[in-house]
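A.B. asks:
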Amino acid sequence: MNLNHNQLQDHNASLLAGHQRKLAPWTGELENAEAVIQKLIDFQIAIPSWALGTGGTRFGRFPGGGEPRSLEEKMDDVGLLHALNRSSGAISLHIPWDVPGDVAAIQQRAAQLGLRFDAVNSNTFQDQPDQLLSYKFGSLQHADAAVRQQAIDHNIEVIRHGVALESKSLTVWLSDGSCFPGQLNFRKAFSRTLESLQAIYSALPDDWKVFVEYKAFEPNFYSMTVGDWGSSYLYASKLGPKAYTLVDLGHHLPNANIEQIVAILLQEGKLGGFHFNDSKYGDDDLTVGSIRPYQLFLIFCELIEGMDARGMNHADDLGWMIDASHNVKDPLEDLLQSVEAIQLAYAQALLVDRAALEEAREANDVVRAQELLQDAFRTDVRPLVAEARLRAGGALNPLGLFRQLDVRGQLIGERGLKTVATGL
8 MNLNHNQLQD HNASLLAGHQ RKLAPWTGEL ENAEAVIQKL IDFQIAIPSW
58 ALGTGGTRFG RFPGGGEPRS LEEKMDDVGL LHALNRSSGA ISLHIPWDVP
108 GDVAAIQQRA AQLGLRFDAV NSNTFQDQPD QLLSYKFGSL QHADAAVRQQ
158 AIDHNIEVIR HGVALESKSL TVWLSDGSCF PGQLNFRKAF SRTLESLQAI
208 YSALPDDWKV FVEYKAFEPN FYSMTVGDWG SSYLYASKLG PKAYTLVDLG
258 HHLPNANIEQ IVAILLQEGK LGGFHFNDSK YGDDDLTVGS IRPYQLFLIF
308 CELIEGMDAR GMNHADDLGW MIDASHNVKD PLEDLLQSVE AIQLAYAQAL
358 LVDRAALEEA REANDVVRAQ ELLQDAFRTD VRPLVAEARL RAGGALNPLG
408 LFRQLDVRGQ LIGERGLKTV ATGL
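Here this note's numbering is used: the first residue of the sequence shown is 8, the next is one more, and so on.
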C-alpha cells in the first residue's frame, strides 16, 4: 500500500500544537538543537529484507498475515516505513532469498520509493533446494575443497547482484564452527576460511567493502570459526583495506563491553558497520533499545567520539542496519520502534559535552564523568527526533499513524492472511 500525502498531513496537523509545546524548551539552545536535528535528518538506517516477515525460533513461527511475497513487495514495505519516518531509506538484501529478477524494474521501483540498496548478504548457513553440496559441516571452512568453492562462488554471485543494484558492500556471516570437542581442527578451519575469504575479496570491485560478521555461538555451540571481534579483526586485517569488522549487538557473550570493542575497532580503522538489535540472554534479536537502552547510548557515545576523531561522516562512513526477528510482534511496527530507538540514542549521545567529559577524564573525576553521560541519557530528546521527521516530510508519530490507518489490515486485504515472507 502507499501512504496518502493527505493522510500524513492530517495526522501531523492534529499533533502539531502538542509537538510545538514539547519542542519549545529547546529554543533556548537553538544552535545545539538545530545541529542535532540536521544530523538526525541525514542519518539513515537500512532495513533488512528478511525482517519484513514474522520471525521465528527453532520451535515455531506464527505469521501475522499480509507478509510480502516477493522482493518487490518487500521494497514496498520498506518504502512505507521510509514514508512514515523518513529515516529508512535503504534496504539490505539477502541472497538467494531476494534474487532480483528484472534489475531495471527493481531499480526503477527503488527510485520511486526513495530507496537505495545497502549491503548485500550471502547465505551459506542453509542448504538451498537446488544446491549440489551441503553446508552441514561448514562452508568456507569445510574440509572438502569443493564445498568451499561452492560457498566462494555463491559469494561472488552475490557481489554480481549487488553491483547490478549499485550496492557497495558485501556482508559475510558464517555459521561455520563445531558442536563437539574434537570435531574440528581450529587452525585448519581458520586457515581455510581465510583462504576462502581471500578468494571472495579478490572479486570485490575497487569501490566496495566486505564486512566480516562474527558470532559467539549458534548454530554451533562448541566453537564458531568467526566467534568474536578479535577473529573478525584478524580476518579483516589479513584481507586488506577493503575488509572491515561488522558488529551485531546480539552476537556477544552476556555482559560484553560492546562500547569498548567499538572504540578499539574505530581506533584501528576496521569498524565497518552495525547490525542493531537487543537481547536479554543471548542472540535474541529483540527490538532495538527494548532491553539495554543505556548500553545503546554508550555505544553511540563511542561511535561519535571515534568517528569525529577520524573526521568521518556520521551518515555515510559506516553501515547502519537493523537485524532483528521477532515471533510475537507485527514486524513493521517492530522496525518502526527500532528505528526510533536508534535515533533517540544517537541524539542523546550528540548532546554529551565532550570537552567537559574529557576534562573530567584527565582529572580522574569519575563522578563528574558519570554525571555528564547520564545527564545526556536522561534528557528527553523525543521532540528533536519528531521535529527531524517533520522537517524531512515524515509523520510526527509513525507508529500511531501506522495503527490509525490499519496498515496491517490493508496488507492482509491486498496479500492474504496466509502469506509467509522468505527469511528466518
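Ideal placement from N, C-alpha and C gives every residue a C-beta, glycine not left out.
For clarity, every value in this text was computed on a predicted model and none was experimentally measured.
1. At which residues does the beta strand (DSSP E) containing K336 begin and terminate?
2. Just mark P75 as buried or exposed, buried being the case when its beta carbon has 16 or more other beta carbons within 10 Å.
3. Which residue or residues does DSSP assign as beta-bridge partners of K175?
4. Pull up the distance between the alpha-carbon of G63 and that of N334, whole angstroms please.
5. With distances taken between CB atoms, is the gap from E220 to H161 smaller than 9 Å?
6. State the CB to CB distance for the pair G313 and S176, rounded to an integer number of angstroms; the pair is presumed to be in contact (CB under 8 Å).
7. Please determine, among N9, A322, L305, the residue with the shortest C-alpha to C-alpha distance to D125.
8. Are there 16 or more other CB atoms within 10 angstroms of the CB of E275, so buried, or fewer, so exposed?
9. If you compare alpha carbons, which of F144, G72, A171, V106 is closest to L191?
10. Using a Cβ-Cβ cutoff of less than 6 Å, which residues in the same chain neighbour W180 once the five nearest sequence positions on both sides are dropped?
11. Would you say the segment 183–202 touches the segment 219–235, given that touching needs at least three Cβ pairs under 8 Å?
12. For A243, collect the residues of the same chain with a Cβ closer than 7 Å to its Cβ; drop the 5 residues on either side in sequence, then sort them by chain order.
13. What three-state label does DSSP hand Y221 in the structure shown?
14. Please determine, among L241, S185, L23, D292, the residue with the shortest C-alpha to C-alpha distance to L272.
15. Among L380, R389, A352, which has the Cα closest to the Cα of P32?
16. Quick check: A331 and D292, are their CB atoms within less than 9 Å of each other?
17. Nearest by alpha-carbon distance to R199: which of R155, G72, P226 is it?
18. For F224 and Q14, what's the separation of their Cα atoms in angstroms?
19. Between the segment 349–361 and the segment 100–108, are three or more C-beta pairs nearer than 8 Å?
20. Does DSSP classify T252 as helix, strand or coil?
21. Looking at the C-beta of Q115, does it have a partner C-beta in chain B at a distance below 9 Å?
22. Keeping to the same chain, check which residues put their C-beta closer than 7 Å to that of D235; ignore five residues upstream and five downstream.
23. Can you tell which of G247, A40, G189 has its C-alpha closest to the C-alpha of S209?
24. Compare the C-alpha of L343 against each of R422, G86, S239 and name the closest.
25. Which partner residues does G63 have in the DSSP bridge list?
26. Just checking my contact of N284 with V295 at CB under 8 Å: how many whole Å lie between their CB atoms?
27. Of the choices G169, A393, Q417, whose alpha-carbon is the least far from that of R28?
28. Could you give the distance in angstroms between the alpha-carbon of A501 and the alpha-carbon of A367?
29. My output table needs one value for I48: the three-state DSSP class, helix, strand or coil.
30. How far does the beta strand (DSSP E) with W236 in it reach, from first residue to last?
31. Tell me which residues share the same chain as D214 and place their Cβ nearer than 8 Å to its Cβ, disregarding the 5 neighbours each side in the sequence.
32. Exposed or buried, what is Y142 when buried is set at 16 or more other beta-carbons lying within 10 Å of its beta-carbon?
33. Do you know whose CA, among A316, G401, A42, lies nearest E347's CA?
34. Only counting the same chain, and skipping five residues up and downstream in sequence, which positions put a Cβ closer than 8 Å to that of L364?
35. Since F409 and L339 are thought to touch, with beta carbons under 8 Å apart, how far apart are those beta carbons, to the nearest angstrom?
36. Let's see if you can read the secondary structure: which residues bound the alpha helix (DSSP H) around L310?
C.D. replies: Judging by the given coordinates:
1. From DSSP, K336 is part of no beta strand (DSSP E); its letter is neither H nor E.
2. buried
3. Its beta-bridge partners do not exist; DSSP assigns none.
4. 5 Å
5. no
6. Not really, about 20 Å apart at Cβ, beyond 8 Å.
7. A322
8. exposed
9. Closest option to L191, Cα to Cα, is F144.
10. E220
11. yes
12. V219, A250, Y251, T252, K277
13. coil
14. L241
15. R389
16. yes
17. R155
18. If you take the alpha carbons of F224 and Q14, they lie about 46 Å apart.
19. no
20. strand
21. Here chain B cannot be found, since the structure has a single protein chain.
22. Here the set comprises Y221, A223.
23. G247
24. G86
25. R68
26. 6 Å
27. A393
28. Because the chain is modelled from 8 through 431, residue 501 falls outside the range shown and cannot be assessed.
29. helix
30. If you look at W236, you'll find it isn't in any beta strand (DSSP E); it sits in the alpha helix (DSSP H) that goes 236–246.
31. So the qualifying residues of the chain are K175.
32. buried
33. Looking at A316, G401, A42, the one whose alpha-carbon comes closest to that of E347 is G401.
34. A376, L379, L380
35. 7 Å
36. In the DSSP annotation of this structure, the continuous segment of the alpha helix (DSSP H) that includes L310 starts and ends at 300–316.
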